[in-house]
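Asker:
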Amino acid sequence: MSCTLEEASQLLTVIRLHHGNAPIDPDMVRVFHAELDPRNSMADMRRAIRDFYATSEGKWMSAAAMNRLCKQYRASRLPDEATMCRLLEADGISDPEAELRYRRTLVHHLANNETPKQARERAIMAARDKTPALHTKDAHNPQRIPSKGITGFADTMRTMLDNLNPNQKGNQE
């Protein structure tokens, strides 16, 4: 969801207009763009500029201030625990794994500025998906992940050597 360099330039132009149309150079735009949180949506960043200058007279808006406000906007869109429980019940989600997929998907899409209806539809689809989820701890322990064929580094190296020297298969050990 990260904004482009051109979009960052537009945002910086609006900020600079609040200070007498101060000039902007390409380096300023690149630095401003690099400091923006990639999770910020353009709508949230425009809103942040409006809100910042509605309450901050004479101050310059920084990328840090924009990131802080956008983070608050994302958090405000998330349901509280009571609402989440009502949604889970209304959508018939009771399996713990399905509930986890539902919660994560709903929070992700709401934070990314999707409408509540769209986010809920995606969460229901994710909850009904029976594909086993790869947990973070499994990603750091590859031997726990079921594999077809190659099971570790040694097998990967053996396969690469076999592909390089097809006449010497099995002789690498």
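Numbering (my numbering), first residue to last: 4 to 176. We put the beta carbon where it would ideally sit given N, CA and C, even for glycine. The model shown is predicted, which means the values in this text are computed figures rather than measured ones.
1. Compute the beta-carbon to beta-carbon distance between residue 46 and residue 116, rounded to the nearest angstrom, for a pair I have assumed lies under 8 Å.
2. What's the gap between the Cα of residue 129 and the Cα of residue 21?
3. With distances taken Cα to Cα, identify the nearest neighbour of residue 67 among 109, 88, 55.
4. Quick check on residue 97: does DSSP put it in helix, strand or coil?
5. List the endpoints of the continuous alpha helix (DSSP H) containing residue 16.
6. Please report the straight-line C-alpha distance between residue 89 and residue 112, rounded to a whole angstrom.
7. Do you know whose CA, among 23, 35, 24, 26, lies nearest residue 9's CA?
Answerer: This is what the structure holds:
1. 6 Å
2. Whole-angstrom Cα-Cα distance: 44 Å.
3. 55
4. coil
5. Here the alpha helix (DSSP H) through residue 16 covers 8 to 20.
6. 18 Å
7. 35
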